[in-house]
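Residue numbers (our numbering): 548 to 762.
For every residue, glycine included, the Cβ atom is placed at its ideal position computed from N, Cα and C.
Data first, discussion second: the structure below is written as structure tokens.
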Ligand code: AMP
């Protein structure tokens, strides 16, 4: 199972990928999470990435390709992976194809999470997450059991700096300009399946399983 989840920020890629990666026993390779961990750890990568992330723009391709190349080279990725948030540019898509080809592999499928812009704004600005275990919540549609703390570990929830409304608008614009062209790229290669990604999380998950051939 080698799949990539493609879609705008707030489309629910992370929520679905975390659960399905467990189910399919493959690593969830979420570049945004990897970068946030690097920022939290204060590594040179984290220090470089932070200014791009806080502004809602993309981290340079060479940095991202290096990071993902290293991650996919680890033993647990040999039997498959879910890519979440990568590739985000044509250059990244091409680098990914080369990287997999060198290992005699290719992507099985790219799943596009189809969500309207109004719904994305609603989701992103209401999103809160646990800085420790990365679980995500929504103030309206998926609130934590106890006010403002994580269900798993009781840590106070935070809003990502880049989920504030002005930065969300930048991220959606960046998505439209740099990432949306990947839809045609993968459609031409016969790899793209569109999944309607509004509505109940379980229904969307069932659609993804079917689209990935894992139903
Ligand atoms: P995400 O959690 O996927 O929304 O990613 C958060 C931020 O990390 C993005 O707004 C970018 O600044 C950066 N980022 C994550 N993945 C990539 C990528 N594949 N290419 C460039 N920047 C990325």
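- Query: Since residue 631 contacts residue 561 with CB under 8 Å, what's their CB separation in whole angstroms?
  - Reply: 6 Å
- Given 8 Å, three or more beta-carbon pairs between the stretch 731 to 747 and the stretch 656 to 666: yes
- Task: Could you check which residue in 558, 711 and 574 has the C-alpha nearest to that of residue 550?
- Result: 574
- Among 643, 699 and 708, which has the Cα closest to the Cα of residue 617? 643
- According to DSSP, residues forming a beta bridge with residue 728: Note: residue 728 sits in no beta bridge, so no partner.
- Rounded separation between residue 678 and residue 703 - CA only: 8 Å
- Quick one: any contact between the stretch 684 to 693 and the stretch 563 to 570, if contact means 3 or more CB pairs under 8 Å? no
- Task: Provide the residue(s) that pair with residue 549 in DSSP beta bridges, ordered along the chain.
- Result: 628
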